[in-house]
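Peer 1:
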Amino acid sequence: MDTTPTILVTLDTIHTPHLIQNPFIEHKTTQRDIYNQSRERTHCEWNSGETGNVPFDVILYNQYNQITETSIANIAIKYPQQWKTPHSDCGKPNP
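Residue numbering for the sequence shown follows this note's numbering, beginning at 99 and increasing consecutively.
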């Protein structure tokens, strides 16, 4: 039996506004407005954990529909032989 913990995540309902020249999107910071708005939009709850059908976190994506990160973590997808992460340009504002 697989005992790997599972938590519910959801995809944001709108793209993260990376078109705005905002250095707080490209670098980790305490400026969390964009992330908190995504969590509110998708009704994420910090205490949802492994129970219920309320999402714990939200997956963010840019205007090109490329996954960038979650509201509280980087994201990695496991393929059979390797892990993949979003390309570094996916989370950067356009010049």
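Here a beta-carbon is modelled for each residue, glycine too, at the ideal position from N, C-alpha and C.
1) State the beta-bridge partners of D155 as determined by DSSP.
2) When the Cα atoms are used, what is the spatial distance from L158 to L109?
3) Expressed to the nearest angstrom, what Euclidean distance is found between the alpha-carbon atoms of N134 and V152?
4) Keeping to the same chain, check which residues put their C-beta closer than 7 Å to that of T140; ignore five residues upstream and five downstream.
5) Got a sec? Which residues, its chain only, sit under 6 Å from T183 by beta carbon, not counting five neighbours each side?
Peer 2: In this structure, then:
1) V107
2) 7 Å
3) 16 Å
4) T108, D110, T111, P153, V156
5) A174
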